[in-house]
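Residue numbering for the sequence shown is -9 to 613, as defined by our numbering.
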Amino acid sequence: MIVYQEAKKQFLHDVRLDLIEDKIEQKVRERLHKKTASNEFMSWMNSMQYMYKVMEDKSIPDESMIAIEYRIPNSNKRVDFIVSGEDQMGRESAVVIELKQWQKMEKVESKEAIVKTNLHGRNVETIHPSYQAWSYVSMIEDYNEDVRRYKINLKPCAYLHNYRLKENDDLVDECYEYYIDKAPVFTRGDTDRLSKFISKYIKKGNPEVLYHIDHGRIVPSKSLQDSLSSMLRGNQEFTLIDDQKVVFERALEIVKKEEKKRVYIVHGGPGTGKTVLAINMLVAILNMDQNVMYVTKNSAPREVYRKKLTDGKYRKAYIDNLFKGSGSFTEAISDDFDCLIVDEAHRLNEKSGMFQNLGENQVKEIINAAKTSIFFVDDFQMVTTKDIGSTNEIKKWCRYFDAEVYEDTLLSQFRCNGSDSYLSWIDNVLEINLEATDDFDFDYDIRICDSPEEVRELILEKNKINNKSRMVAGYCWNWIKEGKNNSDIHDIQIGDFGMSWNLGSSSTWAIDPESVNEIGCIHTCQGLEFDYVGVIIGEDLRYDDGIITDFTKRARTDQSLKGLKGLYKKNKEEALKIADRIIKNTYRTLLTRGQKGCYIYCVDKDLQEYLKKRLIKNPSDCL
């Protein structure tokens, strides 16, 4: 989605009359449903004056088209400035410009493409502007089928118009040469150089170029499970952007240290790329000849990855040594492993084993077993009473082992069509965080359906595309043991609608070809993602002048709330508090499994109407 697009002549007119920043702000509000922060508004005021000087150069054709604030498909990232047209060979071309307000920076030689500069009043590590420009172009090429079909030549560059380049400046140090070659960097005083760079690729106007970029068919984003085999062979399947790259490089640096134990805590909500990053780390650390494993409490992701890798002709023993359950370290000796990468760390338990009779504490055991432990955590995805892997719990055991602690947060959004505001909307609607925004970019297919049959029909239709759409539900229906492999026996019955929980408790339900005819619960889908997800909200969540949770409506076969009834008799208030958190976190997780869309049915009719009203702000939404 492009926020502002005009021909060069109109752009120059808007800047000359000081209209440009107001027009951009208006379009951001209309198209992205976002309010503009004052610092962002000021940056437009500043940067567009410099781009005016660049664009008024007569070597750049008047018919060239300009786009400002283009949102990259399937992400929450926006490209600052694009100039489009045709090159001298008649090829469709576009120059993609990353604009920076920076005045100073320091090189970080130990980490690829990382620099240190002042952002928001703090001196922090971030990615080099050339890497950022190149990575954004890579994402556009990955996601936009029309860019590939029409062979649009995308040329990235960065423009730091406030930056005075010194002799032997860190900005252009040879350690960044690889990415500067891909995306040249321009600084204060480089107006003419940037104009010539643009005019080299834009010789003639062509409005079709921006149309192809903005309206091109967006291909489904890559699936991690489908790309895993290629990644282990050393192929780059995912371009790490912004905070992902910073965290990745920091992890490699931490692993190389040789002093006392090290623990790296990486926070990230749904869709921030935690698992993709974890697998990238696994591959990179393996290539460092380190003894490293990928660890999860939930078996579903591990089994999906194992199946995909087995299909890719990897030996079972090799795969088993890479992917381990969180209870595998009860008897591990101290520092037995160079690195353990723990995904979905919030799901860790105290005890291990089938009968919960082994070990003492999984967090403690993992930190003990590894020289470096990397925990990916989302405290809002703790969904059972046994989940103990909170940030506080991890830090407690860090103090016990006198481990050196590092901590970072992932903010980039790649699920829910890149709509971080949709996630905020969920938090607000479920009353998880009432301060979260309740406005979101509706470039995400969310529908409140009037029947579970409607949800099923939509998911079956979407699943025909690539077998990446599934139905899930809150655990409010008993899992019938007798006849569990018979799809005619329905666990979930709502009026005339009936479906079974995933048959045979298949650990590869997410990719099994016939599992679209079954419904998954939180335990079979957490840690995985789909293109489209259908969610049935059970009676444990309803609306009555506010969101109400009711743990008594959970199924008898659900172990998520085990021990809560006993606690309720002793401490009613504490029990209800825990239940409220778990139920809301469960639906937060279910509602954020879809990359492209989410279809919802609520058993509680008041909740159904409440959600419809919360979506009514967007008249184009299909309710």
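Quick reminder that beta carbons are idealized off the backbone N, C-alpha and C, glycines included. The model shown is predicted, which means the values in this text are computed figures rather than measured ones.
Item, Value
"Backbone CA spacing between N113 and D8 [nearest angstrom]", "32 Å"
"The region 26 to 34 contacting the region 161 to 180, beta-carbon criterion three pairs below 8 Å", "no"
"Meets three-Cβ-pair contact criterion under 8 Å: the region 82 to 92 and the region 63 to 73", "yes"
"Spatial distance of E293 from N347 (CA atoms)", "23 Å"
"Backbone CA spacing between C515 and M55 [nearest angstrom]", "44 Å"
"Burial state of R61 (16 or more Cβ within 10 Å)", "buried"
"Touch test, the region 259 to 274 against the region 483 to 495, Cβ-Cβ under 8 Å, three pairs minimum", "no"
"Strand pairing of D398, partner residues [DSSP]", "V256"
"L200 beta carbon near the ligand HEM (any heavy atom closer than 7 Å)", "Because no ligand of any kind appears in the structure shown, any question about the ligand HEM cannot be addressed here."
"Three-way DSSP call (helix, strand, coil) for F31 in this model", "helix"
"Runs of alpha helix (DSSP H) wholly within the region 102 to 190 (minimum 4 residues, chain order)", "119 to 133, 135 to 139 and 167 to 172"
"Assigned exposure category for N225 - 16 Cβ within 10 Å defines buried", "exposed"
"Extent of the continuous alpha helix (DSSP H) to which I(-8) belongs", "Counting along the chain, I(-8) falls outside any alpha helix (DSSP H), though it belongs to the beta strand (DSSP E) covering I(-8) to A(-3)."
"Cβ-Cβ separation, S120 to K172 (assumed contact under 8 Å), whole Å", "7 Å"
"Short Cβ contact (8 Å threshold) for V506 with N456", "no"
"Proximity winner among K247, K235, V523 and Y140, relative to V105 (alpha-carbon distances)", "K235"
"Straight-line gap, P609 to G179 (C-alpha atoms, nearest Å)", "Note on P609: pLDDT 37, under 50, position unreliable in the model; the coordinate value appears next. The straight-line gap from Cα to Cα measures roughly 47 Å."
"The region 348 to 368 in contact with the region 187 to 199 per 3-pair CB rule at 8 Å", "no"
"Contained alpha helix (DSSP H) runs [length at least 4] in the region 510 to 538, N- to C-terminal order", "512 to 515"
"Sequence-distant residues of the same chain with beta carbon closer than 8 Å to D182, five excluded per side", "D47"
"Continuous beta strand (DSSP E) stretch holding I58: start and end", "M55 to R61"
"C-beta neighbour in chain B for L401, strict 8 Å", "Protein chains in the displayed structure number just one, and chain B is not present."
"Straight-line Cα distance separating E96 from G111", "16 Å"
"Secondary structure of E82, DSSP reduced to three states", "strand"
"Y284 - DSSP class collapsed to helix/strand/coil", "strand"
"Sub-8 Å separation of K574 and I422 beta-carbons", "yes"
"Those residues which DSSP pairs with Q483 across a bridge", "G488"
"Per-residue DSSP class, three states only, for L9", "coil"
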